[in-house]
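Have a look at the structure below, then the notes.
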Amino acid sequence: MLVEFSRNIGISDPALAELLAVKEALSIFSKSEWSKVYHLVLELDASNFVYRIRNPHCSPASFKAFVQSYLAEGNKLRWEINLLDKNQNVVADILAKSGINHQIALLNFG
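Per the numbering used here, numbering through the sequence shown is continuous, rising by one, with the last residue being 111.
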């Protein structure tokens with residue numbers, strides 16, 4: 002099952018935007034029936050962010066608390082995070098850029 006979502010967060014730091022996206026994905030998945038049967042696979046094209054999630058002890062202090070709190074929530078679930086080449090993540094890039102000025106959130110199950 003592929004879930005696409007987009008939400009306007011205004012002007013933000015890219016790392017914070019990625020962090021909020023991971024939080025949203027964990028939230029959507031944890032509230033679904035799928036979480037009882039399947040595991041979640043997050044695919045991101047931000048290598049620094051994926052590294053920080055996989056190695057929270059290497060995150061800057063300002064980022065570490067957020068990462069640890071999201072990982073604590075995620076530890077209740079079965080999930081993994083994968084690094085994609087930017088060229089493989091075209092749909093996510095289009096969603097992110099198209100949602101910059103939108104006030105309505107997008108949630109699509111496909």
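We put the CB at the ideal spot given by N, CA and C, even for glycine.
Extent of the continuous alpha helix (DSSP H) run through V51 | Stepping through the sequence shown from its first residue, residue 51 is reached at position 50. Note, V51: alpha helix (DSSP H), 48-55.
Express the C-alpha separation of L43 and A26 in angstroms, rounding to a whole number.
-> By one-based count along the sequence shown, residue 26 stands at place 25. By one-based count along the sequence shown, residue 43 stands at place 42. Each residue's Cα considered, the two are about 8 Å apart.
Just curious, the alpha helix (DSSP H) that L20 is in, first and last residue?
-> The residue labelled residue 20 in the question sits at position 19 within the sequence shown. Counting along the chain, the alpha helix (DSSP H) containing L20 begins and ends at 15-31.
Whole-angstrom Cβ separation of L127 and D46, contact assumed at under 8 Å?
-> Because residue 127 is not part of the residues shown, which for the chain are 2 to 111, the question remains open.
Can you give me the Cβ contacts of S36 inside the same chain, cut-off strictly under 7 Å, excluding the 5 residues immediately before and after it?
-> Along the sequence shown, one-based indexing puts residue 36 at 35. The answer, listed in chain order, is F30, L78.
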